[in-house]
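Enquirer: Residue numbers (this note's numbering): 208 to 596.
Using N, Cα and C, we set each Cβ at its ideal position, and we do this for glycine too.
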Ligand SMILES: [Zn+2]
């Protein structure tokens, strides 16, 4: 065993030092992890994106033919642009029993604590394998993990549990909503505003579509509510976040764009709202636009399509993580994670990690050292577990 050793805090400092904002490459971090694991005799599989600039990493310690435990985290972080930081976001500052830095809570600490334990996992004769699954582009719509999830069965047996270490303060989360987001552009036809009948008003048709989305949102609220689910609110929400269009008061607007999303209750059909929106476009709005000019149109681009995490109450995966975290009950959260993507592919998944989502994405993001210690204890219990069975 030749490589440098890191304790949890040293490893957190190391991982935070790589600027892995989603828009840039994460390869420096991935190469560091691959080298670190390689020094422990652990082989890493890299699964690159099309550009070759980013990669997922999947590595296995222990037998490959036994269902194991996956420790999963995203390596990317949100931008620091425009945020008022008191220190360099990519240099961890330790102060008041906290570690400050971008990604300390969301979610490099979980990855770092798991990696700091890798020498212990690697030097033990594991009966149950432990896998590291590191993704990219989580913060921009969970775009990276599916490439890895698709291939992981080639590297090792299907896992018995995937632990996604997003910040839950080490609570065990077994359900979250899905997130599907879109960007729609209405292409109209410009005319002088005195000639509305010869133009195609992109804003007016855009507004019609926004109103349609509001109707769908009301329908979800009124007819598809699940008060027992624990979610707040307990139904799929439909939301329009931005809308832009037009250039001047006296011009029939050429373009109108709007961004929208729905946050889907787990178990609901992820395509339904998107399909109904598209049917409204095709059957109601486009015919009116084309009646004036067939060069007009409406495009919708998918920005994110992340399934929810459906609770599997009492499942072995949930029971295992509850035991490791010494918790009796599971919780639900409002934010999306990669857990739903793992689950959709048949891998039982729960969310449990150190730090608080309240600190995520903010300036002066931090993690409490007590959270780091709690996660270390969790990992030690996991080590006992994978040695024994
Ligand atoms: Zn995250």
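Let me check one thing: in DSSP terms, what residues is residue 252 bridge-paired to?
Expert: Here residue 252 is taken as the residue at index 45 of the chain shown, counted from 1. Beta-bridge pairing links residue 252 to 265.
Enquirer: Under 8 angstroms, with one C-beta from each stretch per pair, do the region 251–260 and the region 517–534 reach the 3-pair mark?
Expert: With a cut-off of 8 angstroms, the region 517–534 and the region 251–260 do not count as touching, because too few Cβ pairs lie within range.
Enquirer: My understanding is that residue 241 touches residue 253, with C-beta atoms under 8 angstroms, so please give their C-beta distance in whole angstroms.
Expert: Residue numbering aside, residue 241 sits at position 34 when the chain shown is read from its first letter. Residue numbering aside, residue 253 sits at position 46 when the chain shown is read from its first letter. Right, their Cβ atoms sit about 7 angstroms apart.
Enquirer: So what does DSSP say about residue 299, is it helix, strand or coil?
Expert: As a position in the chain shown, residue 299 is number 92, starting the count at 1. Residue 299: coil per DSSP, three-state reduction.
Enquirer: Quick one: using the 10 Å Cβ neighbour count with 16 as the cut-off for buried, is residue 490 buried or exposed?
Expert: By one-based count along the chain shown, residue 490 stands at place 283. Exposed: under 16 other Cβ atoms inside 10 Å.
Enquirer: Where DSSP assigns a beta bridge to residue 305, which residues make up the other side?
Expert: For the purposes of this step, residue 305 is identified with residue 98 of the chain shown, where counting begins at 1. DSSP lists 302 and 575 as partners of residue 305.
Enquirer: Of the residues 456, 442 and 468, which one's Cα is nearest the Cα of residue 475?
Expert: Numbered from its first residue, the chain shown carries residue 475 at position 268. Considering only alpha carbons, the answer is 442.
Enquirer: Based on the DSSP output, what are the partners of residue 359 in its beta bridges?
Expert: The sequence position of residue 359 within the chain shown is 152, counting from 1. Answer is none; residue 359 lacks a bridge partner.
Enquirer: When every heavy atom of ligand 1 is checked, does at least one fall within less than 7 angstroms of the C-beta of residue 508?
Expert: Taking the chain shown and counting its residues from 1, the one referred to as residue 508 is at position 301. Result no, Cβ not under 7 angstroms from ligand 1.
Enquirer: Is the Cβ-Cβ distance between residue 337 and residue 276 less than 8 angstroms?
Expert: The sequence position of residue 337 within the chain shown is 130, counting from 1. The sequence position of residue 276 within the chain shown is 69, counting from 1. Cβ atoms of residue 337 and residue 276: closer than 8 angstroms.
Enquirer: Under the criterion of a Cβ to heavy atom distance below 7 angstroms, does residue 572 qualify as lining ligand 1?
Expert: Here the question's residue 572 lines up with position 365 in the chain shown. Every heavy atom of ligand 1 is 7 angstroms or more from the Cβ of residue 572, so no.
Enquirer: Quick check on residue 553: buried or exposed, where buried means 16 or more other Cβ atoms within 10 Å of its Cβ?
Expert: Counting from 1 along the chain shown, the entry for residue 553 is found at position 346. Looking at its Cβ environment, which holds fewer than 16 other Cβ atoms inside 10 Å, residue 553 is exposed.
Enquirer: In the DSSP assignment, what are the bridge partners of residue 466?
Expert: Residue numbering aside, residue 466 sits at position 259 when the chain shown is read from its first letter. In DSSP, residue 466 forms a bridge with 390 and 449.
Enquirer: Hey, is residue 345 close to ligand 1, as in C-beta under 7 angstroms from one of its heavy atoms?
Expert: Within the chain shown, the letter at position 138 stands for residue 345. Yes - ligand 1 has a heavy atom lying nearer than 7 angstroms to the Cβ of residue 345.
Enquirer: Anyone know if the C-beta pair for residue 544 and residue 371 falls short of 8 angstroms?
Expert: Reading the chain shown from its first residue, position 337 is the one you call residue 544. Reading the chain shown from its first residue, position 164 is the one you call residue 371. Yes.
Enquirer: Considering just the uninterrupted stretch of the beta strand (DSSP E) at residue 510, what are its terminal residues?
Expert: In the chain shown, counting from the first residue as 1, residue 510 sits at position 303. Residue 510 -> beta strand (DSSP E) spans 504–513.
Enquirer: Among 472, 451, 447 and 464, which has the Cα closest to the Cα of residue 437?
Expert: For this step, residue 437 is matched to residue 230 along the chain shown. Ranking the options by Cα distance to residue 437, first place goes to 472.
Enquirer: Any idea if residue 272 is buried or exposed, counting beta-carbon neighbours within 10 angstroms, 16 or more meaning buried?
Expert: As a first step, residue 272 must be located in the chain shown, where it is residue number 65. Flag for residue 272 reads exposed.
Enquirer: What's the gap between the Cα of residue 400 and the Cα of residue 541?
Expert: As a first step, residue 400 is located in the chain shown; it is residue number 193 there, counting from the start. As a first step, residue 541 is located in the chain shown; it is residue number 334 there, counting from the start. If you take the alpha carbons of residue 400 and residue 541, they lie about 45 angstroms apart.
Enquirer: Looking at the unbroken beta strand (DSSP E) that takes in residue 538, where does it start and where does it end?
Expert: Within the chain shown, the letter at position 331 stands for residue 538. First-last of the beta strand (DSSP E) with residue 538: 537–540.
Enquirer: What's the C-alpha gap between residue 447 and residue 427?
Expert: As a position in the chain shown, residue 447 is number 240, starting the count at 1. As a position in the chain shown, residue 427 is number 220, starting the count at 1. So the alpha carbons of these two residues sit roughly 15 angstroms apart.
Enquirer: Within its chain, find whatever has a CB closer than 7 angstroms to the CB of residue 514; leave out the 5 residues flanking it on each side and keep chain order.
Expert: On the chain shown, position 307 is the one that residue 514 refers to. Once the five neighbours on either side are set aside, the close Cβ partners of residue 514 are 385, 477, 547, 548 and 551.
Enquirer: Under the assumption that residue 340 contacts residue 265 (Cβ atoms under 8 angstroms), give the Cβ distance between them as a whole number of angstroms.
Expert: Residue 340 sits at position 133 when you count from the first residue of the chain shown. Residue 265 sits at position 58 when you count from the first residue of the chain shown. Contact flag correct, Cβ pair sits at about 5 angstroms.
Enquirer: Return yes when the C-beta of residue 314 is under 7 angstroms from any heavy atom of ligand 1, and no when it is not.
Expert: In the chain shown, counting from the first residue as 1, residue 314 sits at position 107. Correct: residue 314 has its Cβ closer than 7 angstroms to ligand 1.
Enquirer: For residue 527, I'd like the list of residues in its chain whose CB is within less than 6 angstroms of its CB, leaving aside the five on either flank, ordered along the chain.
Expert: For the purposes of this step, residue 527 is taken as the residue at position 320 of the chain shown. The residues are 368.
Enquirer: Given 7 angstroms as the limit, tell me if residue 281 has its C-beta closer than that to any heavy atom belonging to ligand 1.
Expert: The residue you call residue 281 lines up with position 74 of the chain shown. Flag set: Cβ of residue 281 near ligand 1.
Enquirer: Using C-beta distances below 6 angstroms, list every residue in its chain close to residue 419, excluding the 5 sequence neighbours before and after it, in chain order.
Expert: For the purposes of this step, residue 419 is taken as residue 212 along the chain shown, with counting starting at 1. These residues qualify, in order along the chain: 487.
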